[in-house]
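To start, the structure itself, in structure tokens.
Numbering (my numbering), first residue to last: 555 to 1601.
Structure below.
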């Protein structure tokens, strides 16, 4: 089995994901039973392994792994969703929840500076009421605290990961927005270990009571030094470049501009600034190169690299993405240390199992899925794409049939036959090289056997009646070593066959077999018995897979020992054209020249063998062109495969499918690499020369600038990034089934067509294929009052399907983009692909904060505002967007009337202003009436008492009125005279749960209740849908409430 770890990894990951997803419906007892069953399955697997029944063994491993993952997933999810801290908080009454508590907590990561102050994430160790001296140590759980205050910069340096703090804070449950198409944020935060959020009034209240351990403190010092050096040598040229370099080196993205982050996400290149596999791969290569430069042996070099990578993980704060990438690198390096170099897919499977076993909740973490999904797609698909792109683009001198075969096969590893009397064959035999293949030509029984089998890289004949064949079949071995001397029938058979990568049978009574069994080795190229100078040397070295003789005084042996290489098939000295070309290419693992007229070259070309190591001919210029083309093909193939592998993930988790990465990655990946290398050089140079550090910083600045600017392609071609509705799981499953079909290679044209069709469905996102879809019913007027917290956003869909959005939500004093994160997914789930109009009632952040994001995503044809406020930044940015995009900008005033699809849209307020406003005022809000038959839906913005009274003489509403309460239900609005004039049948309060304003005011709620009005609240009911045919009204809530209203 080429990827044996997959037998464990796939069921283990699937079981863990299923356990997390179903944890709410399963008990701890069920998890314990699953764990016990897993142990029984493991014991059964061990028994069947001893009995030699592979089918039963594999089945038991799969069942045991799945049950183990299921148990771990259930247990981890239950612990994350119900930690002691959350249980303690839920046991408090409403008054106690509003009181300050003193927290003692260990910082999980360095504090991040924000626009409003700072943000810290910590693990609580204990809590106490305000004023108490001791904390209760039983309340453990994760928290996220927002610290406000202008002086936060003076304190933030002390808030490092690993340190213990004591702080008074006001805690609350994370905000949940209950709308169609919007995932449960509380669930996602719990998976990341955060169950409560809170606020701290001043940074001076945060007291550091204990330092971290030695390693966390050393890592914190290194991070602080890195920030200072990059700020001094990169940031002084450009704050943006300094922030990008810091993000790439130590995973600190707090200094990135939100617009740059958005652009990188839309371009599909955000991964290059979030430390992950690519960054760790670069660092690993640099560490191994440094070890080799000081002539360190491979095993110690791998060990040193592992230690350095583990410290680097601590340096970055050990976020999930870095931990996963470092785990994969450690698995790879450990394989090098133990000389266990299997397929990359096997290493990936082992790394995935290690990551999930250590942190089971990452099975459903977006970063885990993106990292391992992209890597899996690249490993499975890139070789085929590279082979297809390099066919026919040959720069070699020889264009014979063998070269054409190599180009068609896409193979990259060849071998040399050991028979023949030419000087090269003798040199190869003398060199002890053992990575050689079986020639497919010749008339001997072995050659005929190999050709009959259809194999292109065989070492052991699996049938036949000779003494060797039955022995091999009985042993079950498929990779044998060759004793290169001796006169017995085995040695003669091996020498005659020309095969040199054969294993030793594990049973039998011969001295060689006994020696191999005693040694425990299963992959030898050198016999361990004998008295020649080579055998004792090998035994002393302890090596089990050698291709290079360690003794001898010839020039080849000396050259190989100097190079440090351990796998050679071509001599690196002599003055022939082949040797010169190999040396010129810099390659260290060559086997076959593909041109030339010697007897060996002709024999290899005649053999038609396909595991080739291609030696390029022609000029160095043509070789360089070929190398650049192959590298570009590899990058394009990797990008295509990663995009195809992650398209459903991006659509399901982020509502985005992007094609821009296919182009931008050609610039972003090299520029990221250059930025990382230049930033590291800046740090190194700062120890001895400010001028050298400045020069390296200048390179980092240029590379970082190019990296960010390359993402502007999405501004030039916005159609390359698609915002989509979340797809149904059935579509996702069908898409990946088609991908597996394509990888397996059966009827690839049909499979590729199915993959393409699935991709188009993801991009087009027709409503039948989307989750949480709630499309409007034709012929009805529908208003959806979205749950956007302490803000307003109302989607009105006309009977002909055209959509208008009145306000777009927002979160004052926060960088959280309600428009993009909450309103946009809800609009897609509600069937909106483009807005006809966007109406901003006034410029307050809780109404206009999400307008710019919504405009970019849904491209409204018309944007309307009421009383203009020229100095307002939010409305100014929106007006600039309208000018750039070609959207019509219109100012409305009382008395404006539009009639569309049978609906009369009337503007009731504001009148024309008689002076220029210097600031936004609630009383200047636009008031709209949507009248359809006998039903009026009134949206009054944030108007207060005076505008309400001014409206009374002009009100001419339909008999059945649905009213959104003005100003979120404030006591200064919804006056008694206004309610008596409107006589609403239903009222909707748009307010945030437990908001600090106390909206809706109890007196206002009671006023509506006394008048017999049906009351709906977004803080209790979630999103509220109002539909009318012009005669009756039906109201449905996200929480499942349903009310029909008639005249």
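For glycine and all other residues, C-beta sits at the position ideal for the given N, C-alpha and C.
Pairwise C-alpha distance: residue j and residue i
i, j, result
"residue 1004", "residue 940", "Any reading at residue 1004 must be qualified, since the residue scores a pLDDT of 36, below 50, and its modelled position is unreliable; no value is offered."
"residue 652", "residue 830", "40 Å"
"residue 663", "residue 769", "14 Å"
"residue 1015", "residue 926", "Bear in mind that a pLDDT of 35 at residue 1015, under 50, signals an unreliable position, so the model cannot answer this."
"residue 794", "residue 774", "23 Å"
"residue 1544", "residue 1348", "10 Å"
"residue 702", "residue 726", "16 Å"
"residue 572", "residue 609", "25 Å"
"residue 1467", "residue 1421", "6 Å"
"residue 1601", "residue 1536", "14 Å"
"residue 1503", "residue 1530", "10 Å"
"residue 1212", "residue 1469", "47 Å"
"residue 1352", "residue 674", "45 Å"
"residue 678", "residue 659", "4 Å"
"residue 1570", "residue 1384", "20 Å"
"residue 1565", "residue 1591", "22 Å"
"residue 565", "residue 557", "14 Å"
"residue 1192", "residue 832", "12 Å"
"residue 709", "residue 1406", "34 Å"
"residue 1236", "residue 1222", "20 Å"
"residue 849", "residue 921", "37 Å"
"residue 802", "residue 1202", "27 Å"
"residue 579", "residue 767", "40 Å"
"residue 1418", "residue 1399", "16 Å"
"residue 1313", "residue 1464", "47 Å"
"residue 625", "residue 1205", "29 Å"
Residues that residue i bridges to, as DSSP identifies them
i, result
"residue 722", "656"
"residue 1273", "Answer is none; residue 1273 lacks a bridge partner."
"residue 1443", "1417"
"residue 1452", "1459"
"residue 680", "658"
"residue 696", "677"
"residue 1483", "1460, 1492"
"residue 1359", "1349, 1392"
"residue 1543", "1571"
Whole-Å CB distance - residue i paired with residue j, under 8 Å assumed
i, j, result
"residue 667", "residue 808", "6 Å"
"residue 841", "residue 776", "No, residue 841 and residue 776 are not in contact; Cβ-Cβ is about 16 Å, not under 8 Å."
"residue 874", "residue 916", "6 Å"
"residue 1338", "residue 1395", "Their Cβ separation, rounded to whole angstroms, is 16 Å, which puts residue 1338 and residue 1395 out of contact at 8 Å."
"residue 721", "residue 754", "6 Å"
"residue 575", "residue 924", "Not quite, the Cβ-Cβ distance comes to about 18 Å (not below 8 Å), so this is no contact."
"residue 1517", "residue 1541", "5 Å"
"residue 933", "residue 898", "5 Å"
"residue 717", "residue 765", "6 Å"
"residue 901", "residue 881", "About 10 Å; that fails the 8 Å criterion."
Outcome for residue i when other beta-carbon atoms lying within 10 angstroms are tallied against a minimum of 16
i, result
"residue 1241", "exposed"
"residue 1612", "The question about residue 1612 has no answer, for the chain in this structure spans 555 to 1601."
"residue 1283", "exposed"
"residue 828", "buried"
"residue 1575", "buried"
"residue 1560", "exposed"
"residue 713", "buried"
"residue 570", "buried"
"residue 861", "exposed"
"residue 1238", "exposed"
"residue 800", "buried"
"residue 743", "buried"
Please list the segments of the alpha helix (DSSP H) lying wholly inside the stretch 1386-1423, counting only runs of 4 or more residues, in order along the chain. 1399-1402, 1405-1412
To test your reading of the DSSP string, which unbroken alpha helix (DSSP H) runs of 4 or more residues are found completely within the stretch 828-867? 831-847
For a minimum of 4 consecutive residues, which ranges assigned as the alpha helix (DSSP H) are wholly contained in the stretch 1550-1595? 1556-1564, 1572-1575
At 4 residues or longer, what runs of the alpha helix (DSSP H) sit wholly inside the stretch 734-819? 739-745, 768-784, 793-804
What alpha helix (DSSP H) runs, 4 residues minimum, are completely inside the stretch 1186-1267? 1215-1239, 1244-1263
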